[in-house]
Amino acid sequence: MILSIWIIYSCKQDTTYDGDYNPEVIKGYKNEASTVNTKMDSIEAINFISKQKLREFYELSALASNNNDSVVQEILITQLRSYFSKEEMSEVDTLLSKLKNRNIHFVSVAKFNIIPNDSLTPDTIKKADYTLNLFNKDKKLVKTIDRTSIFVLKQEPIQFKREFKFYFQTLNMMKDSIQNDTISSGVKQ
8 MILSIWIIYS CKQDTTYDGD YNPEVIKGYK NEASTVNTKM DSIEAINFIS KQKLREFYEL
68 SALASNNNDS VVQEILITQL RSYFSKEEMS EVDTLLSKLK NRNIHFVSVA KFNIIPNDSL
128 TPDTIKKADY TLNLFNKDKK LVKTIDRTSI FVLKQEPIQF KREFKFYFQT LNMMKDSIQN
188 DTISSGVKQ
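Residues are numbered in this note's numbering as their position in the sequence shown, beginning at 1, plus a constant of 7.
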């Protein structure tokens, strides 16, 4: 009996939004340079900043997609576009239309995992796997989407602090056809 109550309760937790939601705080999200105040190594700092920026971006997206005030919505869209380089801004419009069509009011990011890879550029280019949970206005789970995003953390040292500027390259990485190529590399004689 107790086990069945616990199972029902645990299933219910997974299907309802239980995050903190404050529209006034969310409206203030901007893609400003991030600093890490505590003593963290590089990997911890990258994970912390990446999770924070993903959460900010998707919460801001949900708020923007449901805002009927055109002036406020334009301000929110401008803030969302700051999370992308100038070439990649079209993903914001695509995401907002999908959220609006599904009537999504709340979003949470779960199962966040940075895929280890080395960057050959001075900036840190990373891939992250995560699950995006989409909820309706009644805080009920509508859809769960697994995503792989590519982002850049550009180090901007200011006054002896390690500051990073965050940019998405893409929200949903498509499988690269080159990765699935069956032709071996190298020259054979």
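Even for Gly, the Cβ is constructed at its ideal location relative to N, Cα and C.
C-beta atoms of residue i and residue j nearer than 8 angstroms
{"i": "residue 106", "j": "residue 22", "result": "no"}
{"i": "residue 71", "j": "residue 87", "result": "yes"}
{"i": "residue 150", "j": "residue 109", "result": "yes"}
{"i": "residue 156", "j": "residue 141", "result": "no"}
{"i": "residue 95", "j": "residue 176", "result": "yes"}
{"i": "residue 91", "j": "residue 174", "result": "yes"}
{"i": "residue 133", "j": "residue 121", "result": "yes"}
{"i": "residue 111", "j": "residue 99", "result": "no"}
{"i": "residue 137", "j": "residue 158", "result": "no"}
{"i": "residue 50", "j": "residue 160", "result": "no"}
In DSSP terms, what residue i is bridged to
{"i": "residue 133", "result": "158"}
{"i": "residue 140", "result": "115, 151"}
{"i": "residue 31", "result": "Residue 31 pairs with nothing; no bridge assigned."}
{"i": "residue 41", "result": "171"}
{"i": "residue 91", "result": "175"}
{"i": "residue 23", "result": "147"}
{"i": "residue 120", "result": "136"}
Closest Cα partner of residue i within the set the options
{"i": "residue 31", "options": "115, 90, 67, 136", "result": "67"}
{"i": "residue 171", "options": "72, 131, 140, 146", "result": "131"}
{"i": "residue 27", "options": "123, 154, 146", "result": "146"}
{"i": "residue 61", "options": "123, 49, 89, 97", "result": "89"}
{"i": "residue 102", "options": "29, 48, 40, 154", "result": "154"}
{"i": "residue 34", "options": "135, 180, 81, 123", "result": "81"}
{"i": "residue 38", "options": "25, 104, 29, 59", "result": "59"}
{"i": "residue 74", "options": "24, 123, 104", "result": "104"}
Residues of its chain near residue i, where Cβ-Cβ distance is below 7 angstroms and the 5 sequence neighbours each way are ignored
{"i": "residue 65", "result": "114, 116, 139"}
{"i": "residue 24", "result": "113, 115, 142, 146"}
Cβ-Cβ separation, residue j to residue i (assumed contact under 8 angstroms), whole Å
{"i": "residue 77", "j": "residue 135", "result": "About 33 angstroms; that fails the 8 angstroms criterion."}
Cβ shell of residue i (< 8 angstroms), same chain only, five flanking positions each side left out
{"i": "residue 15", "result": "Legend: pLDDT at residue 15 = 46, less than 50; position of this residue unreliable, value from coordinates given subsequently. Correct list: empty, nothing qualifies."}
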